[in-house]
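Peer 1: Sharing a structure here in structure tokens format.
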Amino acid sequence: MMNKTSERPNMHLHLKIWRQLNAAAPGKFVSYEKENVSPDMSFLEMLDELNEHLIKTGGDPVAFDSDCREGICGMCGLVINGQAHGPRRATTTCQLHMRSFNDGDTITIEPWRAKAFPVVRDLVVDRSAFDRIIQAGGYVSVNAGNAQDANALPISKYNSDLAMDAASCIGCGACVAACPNASASLFTSAKVSQLALLPQGLVERKERAINMVSQMDLEGFGDCSNYGECEAACPKEISISNIARMKREYVRAALTSA
Amino acid sequence: MTLDAKIPVGPIQEKWDKHRFNMKLVNPANKRKYTIIVVGTGLAGASAAASLGELGYNVQNFCIQDSPRRAHSIAAQGGINAAKNYPNDGDSVWRLFYDTVKGGDYRSREANVYRLAQVSNNIIDQCVAQGVPFAREYGGLLSNRSFGGAQVSRTFYARGQTGQQLLLGAYSSLSRQIKEKKVAMFTRHEMLDLVVIDGKARGIVTRNLITGKIESFAADAVLLATGGYGNVYYLSTNAVNSNATAVWRAHKRGAYFANPCFVQIHPTCIPVTGDHQSKLTLMSESLRNDGRVWVPKAKGDKRPANEIPEEERDYYLERRYPAFGNLVPRDIASRAAKQVCDEGRGVGKTGLAVYLDFADAIKRLGRKAIEEKYGNLFEMYERITDENPYNVPMRIFPAIHYTMGGLWVDYNLQSTVPGLFVLGEANFSDHGANRLGASALMQGLADGYFVAPYTVGNYIGSNKFEPVTTDHPAFKASEKEVDDLVKKLLAVNGTKTAHELNRELGLIMWEYVGMGRSEEGLKKALEEIPKLREEFWKSIKVAGTGETLNQNLEEAGRLADYLELAELIARDALNRRESCGGHFREESQTPEGEAKRDDENYSYVAAWEFKGTEEAPELHKESLTFEHVPLTQRSYK
């Protein structure tokens, strides 16, 4: 079998982890030594083990968010050595494995940093701003029971696939964490695009573009200056072309709204 | 108390329509006078909260995550079934109904399953209208694929992320109701008790996971859509925060627990690599459309897969089940994998794995076609295992995935506590002893969009509600119990962590209440589990305090409930001296090693009534009758 890593010996790592009691308290980096790290472990399993040790020795375990641990729920997200979700392309923190690191490495671990994502504790942040952006218009207004037959309206595979590409967004917030302006444009544009590409979304496209963009500004996210860091950090490889589409939708709505 | 499933009379095709007509309605102007609590924001919870909000009720919706979009429905990969018959391959509501009852090994309620098949088509319509980007053909129409236990293609999908797309659809509807102020959303709130006043469910007590504050919420009805209890086994495909606390606390307040031993073990998961493992990852059943399952014919054959010639391979599913081949239902595929591994023919380092091989499919369809269908799953596999499944076969092994058992509900999805409704995986209703692939999404959305909005309205319309506030003594008593439990957990200050003890529980469960269960093993489990529970209360160590975000405290509280529920699972398994679906009793098998049901003695739902943590629960039986799907020994040969 091509099992390259399981032959690798376990590693000793130096961790520098951001610790912060709550949103109001000042935070700081604390250093930990982590021995016996198997290359087959996921990054979060490595932190689980650190926490097990901290609990047993009367310490204070590191708070971090995670849930599905298969890269789809969007709950996890750490800045690892300055990179949102760490060094591997198209990979959430929970899917990053320790084989991406080497014995003796120092690993710096921080929370997402953005004004609109206040720290809750340690590596946990409050991303409710994302929910409010969706509430501002990231839906089609269709009550349960209102729908016509699903095949009544053919949709070109091309557009449907593009909509699916945008809809793959997991709402993790890496785009915000990676952006020098802490802009939520990639996140917001993914939903605007998905619905703009489908006939079901067209009735409300103007209000949607304007309301979602306004909410994004209201939450304190920065503007997009086309750095492209968001696309590079996105674990689902959402394309920055969605931001261009959102800008078109916004301008179109602003110019044609009564 | 005798169990009354409240199945409407009349022909099965007309039951739901007639029932909808007979149910009480609530005047639109009056709906806003009622408050309904929905716990959970997965497919069932989000769709129910949104739909009830759309109808005009005041809804309070709770979840433990930071956003309702995180619920574990999001991880469902393969698809959702519906009886659309778009491929013109012979599907119908009747066939979906038939396949689901048969797939469940005749331990589900015919009337519920028929209704599920009926509303399945509305679900697809609804989701498309929401903008769910299902896979399409070049002509612009929806695409279908096949799943286990069916000989038609009735599964709708959105790449390998169907659950995500359906959940985000429900979340978008929920978001709209939050914006309209018809739903109040409470994130990072964990339900820790159900409050029952004058025999009716009237609210819940929660812990705010950020501040630690214990809070009460009063309502006229409570809906639980909190998912399954697979994490009793520690390692499962569930999310790490998926837990049984809401249903277990409701059980302790009077809701019967039905068929807890019906646990689904999914055949295609990535095998365990070591003690550090925190969860197991599923590889979608849809892969069995194109992947071929095999092991070497010879025991202990340690050659790399590509060096084992065709004639020395055993494609055991195709050999044993020629009619369904690699697409036999999950319970059958899992058991077959266990059997070949028990024979010493398992592959990989541990010998606890079988191959799922795509070489033939890549040869036949080309790599690009395979990439298009399964690209994200192949990438996920490679990230976890560091092996490229385009070049070497996947190694897979069964893992705990889904729980068919759950709180007992009647046809209206109401539990034995009036006003407490249970939806989705948290109830027991539609899948019998084995759930077919792509049916969980169907059931969650059926319950939330198309069943509960009617039946909850009927409950509201046919009852009088005394005004109740959270100052009621029942809320105060419940808050104190919850608070005492938190303090008790923190006070033990022992030497073992929640992870360690949960892992120990998981090993007991997997060994004795896993894929093969025997009287001897189950009795052993019933000795071991109470011992471990005792040890838990002596040796658990919880860090920190109750007044802050404390994930360790959350884990310990959930484990305390698993240690009680685990015993009920084992007890139910011991009681059911037959093999059916995911429940395989070693004592009850055919000469070929297939599951052997005992319809004469066990054609019933086992609903357990809580009598106290150290008391034996009382068994109530709801007998099952099969008028439309003849009881036969299930065969996929």
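If you read the protein sequences in the order shown, they are chains A and B.
For the first sequence, numbering that gives the first Met the number 0 gives the first residue as 0, with consecutive numbering after it.
For the second sequence, numbering that gives the first Met the number 0 gives the first residue as 0, with consecutive numbering after it.
A virtual CB, placed ideally from N, CA and C, is assigned to each residue, including glycine.
These figures come from a predicted structure and were not determined experimentally.
I'd like the list of long-range same chain contacts for A/G219, defined as Cβ closer than 6 Å, with 5 residues on each side in sequence excluded.
Peer 2: K114, A115
Peer 1: Looking at C-alpha atoms only, which residue of A/M10, A/N142, A/M40 is the closest neighbour of A/D104?
Peer 2: A/M10
Peer 1: Does the beta carbon of B/A439 come closer than 7 Å to any beta carbon on chain A?
Peer 2: It does not; no Cβ of chain A falls within 7 Å.
Peer 1: When Cβ atoms are compared, which residues of the region 214–235 of chain B fall closer than 7 Å to chain A?
Peer 2: none
Peer 1: According to a CB-to-CB cut-off of less than 8 Å, which residues of the region 274–295 of chain B neighbour chain A?
Peer 2: Answer set for the region 274–295 of chain B: H275, Q276, S277, K278, T280, L281.
Peer 1: State the Cα-Cα distance for the pair B/G404 and A/R244, rounded to the nearest angstrom.
Peer 2: 46 Å
Peer 1: By a C-beta neighbour count over all protein chains shown, 10 Å radius and 16 as the cutoff for buried, is B/Y137 buried or exposed?
Peer 2: exposed
Peer 1: Measure the C-alpha to C-alpha separation of B/D65 and B/G41 and round it to an integer number of angstroms.
Peer 2: For B/D65 and B/G41, the distance between alpha carbons rounds to 13 Å.
Peer 1: On the DSSP bridge assignment, give the partners of B/Y354 in chain order.
Peer 2: B/W293, B/R394
Peer 1: To be precise: take each residue of the region 40–60 of chain A, compare its Cβ to all Cβ atoms of chain B, and keep it if any distance is under 9 Å. Which residues remain?
Peer 2: M40, S41, L43, E44, M45, D47, E48, N50, E51, L53, I54, K55, G57, G58, D59, P60
Peer 1: Does the Cβ of B/M282 have 16 or more other Cβ atoms within 10 Å, making it buried, or fewer, making it exposed?
Peer 2: buried
Peer 1: So is B/E626 buried or exposed if we call it buried at 16+ other beta carbons inside 10 Å?
Peer 2: exposed
Peer 1: Out of A/V118, A/M211, A/I132, A/E48, which has the shortest C-alpha to C-alpha gap to B/D274?
Peer 2: A/E48
Peer 1: To be precise: take each residue of the region 370–387 of chain B, compare its Cβ to all Cβ atoms of chain A, and keep it if any distance is under 9 Å. Which residues remain?
Peer 2: N375, E378, M379, R382, I383, T384, D385, E386, N387
Peer 1: From A/H13 to B/V294, what does the alpha carbon distance come to, in whole angstroms?
Peer 2: 42 Å
Peer 1: Going by C-alpha to C-alpha distance, which of B/N492, B/Y228, B/N501, B/D482 sits closest to B/N426?
Peer 2: B/Y228
Peer 1: Going along chain A in order, which residues have a C-beta closer than 8 Å to the C-beta of B/H498?
Peer 2: Here the neighbours are D47, E51.
Peer 1: DSSP three-state label for A/S30, please.
Peer 2: strand
Peer 1: Is the beta carbon of B/A49 closer than 7 Å to that of B/S172?
Peer 2: yes
Peer 1: From A/R126 to A/K156, what does the alpha carbon distance come to, in whole angstroms?
Peer 2: 33 Å
Peer 1: Note down the Cα distance separating B/F185 from A/H52, rounded to an integer number of angstroms.
Peer 2: Cα to Cα, B/F185 sits roughly 33 Å from A/H52.
Peer 1: For the 8 Å Cβ check, are there 3 or more pairs between the region 203–222 of chain A and the region 60–72 of chain A?
Peer 2: no
Peer 1: With 16 as the cutoff for other CB atoms within 10 Å, does B/V25 come out buried or exposed?
Peer 2: buried
Peer 1: Between which two residues does the beta strand (DSSP E) containing A/N150 stretch?
Peer 2: A/N150 -> no beta strand (DSSP E), and no H or E assigned at all.
Peer 1: Please confirm if the region 150–166 of chain A is in contact with the region 236–254 of chain A, defined as three or more CB-CB distances below 8 Å between the two stretches.
Peer 2: Yes, the region 150–166 of chain A touches the region 236–254 of chain A.
Peer 1: What residues in the region 183–196 of chain A bring their beta carbon closer than 9 Å to a beta carbon of chain B?
Peer 2: K190, Q193, L194, L196
Peer 1: Got a sec? Which residues, its chain only, sit under 8 Å from B/E503 by beta carbon, not counting five neighbours each side?
Peer 2: Only L531 meet the Cβ criterion.
Peer 1: Since B/R252 and B/V38 are thought to touch, with beta carbons under 8 Å apart, how far apart are those beta carbons, to the nearest angstrom?
Peer 2: With 8 Å as the limit, B/R252 and B/V38 do not qualify as a contact, their Cβ atoms being about 13 Å apart.
Peer 1: Let me know if B/N143 comes out buried or exposed under the rule of 16 or more other beta-carbons within 10 Å of its beta-carbon.
Peer 2: buried
Peer 1: For a contact defined as C-beta to C-beta under 8 Å, what are the partners of A/Q94 on chain B?
Peer 2: M379, R382, I383
Peer 1: Please tell me whether B/C579 and B/D98 are closer than 7 Å, where the distance is taken between their beta carbons.
Peer 2: no
Peer 1: Based on the DSSP secondary-structure assignment, which residues constitute the bridge partners of A/V124?
Peer 2: A/V118
Peer 1: Using a Cβ-Cβ cut-off of 7 Å, state whether B/L548 counts as contacting chain A.
Peer 2: yes
Peer 1: With a threshold of 16 other CB atoms inside 10 Å of the CB of A/F28, please say whether the residue is buried or exposed.
Peer 2: exposed
Peer 1: At a CB-CB cut-off below 7 Å, which residues of chain A make contact with B/R158?
Peer 2: M163
Peer 1: Measure the C-alpha to C-alpha separation of B/K301 and B/L355 and round it to an integer number of angstroms.
Peer 2: So the two alpha carbons sit approximately 16 Å from each other.
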